[in-house]
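Down below is the structure, laid out as structure tokens.
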Amino acid sequence: MQKKILSLVLSLVFALGVAGVAIAKKCKGKVTAVEGNTLVIDSAKCGEMKVEVKKAKEFEVGDEVTVKNGKVKKARKKIEGC
């Protein structure tokens, strides 16, 4: 009986751990299309995805973006100099 309970607890812990990693996935990619309030983003790591945003006017085709937990942020431009 104890072995069955231990097995069940360990399998639940494993399943929740895997689900947590999948939810917190962070992807970087380029905007390939802007359709209304939806951005189409192509990422080498995550593939092509569609994400709905409130202010799609801020994004243009070709922008580098980061998607984390369903929120899209523009990548910061690197400053060169000195």
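With mature numbering (1 follows the signal peptide of the UniProt record, and there is no 0) applied, the sequence shown corresponds to residues -24 to -1, 1 to 58, in that order.
Glycine residues also receive a C-beta, built at the ideal position from the N, C-alpha and C atoms.
Asked                                                                                                                      : Found
DSSP state of E36 mapped onto helix, strand, coil                                                                          : coil
Local conformation of I(-20) per DSSP, three classes                                                                       : helix
The beta strand (DSSP E) enclosing K53, as first and last residue numbers                                                  : From DSSP, K53 is part of no beta strand (DSSP E); its letter is neither H nor E.
Three-way DSSP call (helix, strand, coil) for V(-7) in this model                                                          : In this prediction, V(-7) has a pLDDT of 48, which is less than 50 and means its spatial position is unreliable; what the coordinates show is noted afterwards. V(-7) falls in the helix class under three-state DSSP.
Nonlocal neighbours in the same chain, by C-beta distance under 6 angstroms from V(-4), ignoring five residues either side : Unreliable positioning characterises V(-4) in this predicted model, as indicated by a pLDDT of 43, which lies under 50. A coordinate reading is not provided.
Opening and closing residue of the beta strand (DSSP E) in which A9 lies                                                   : 2 to 11
Cα-Cα separation, M(-24) to S(-18)                                                                                         : 10 angstroms
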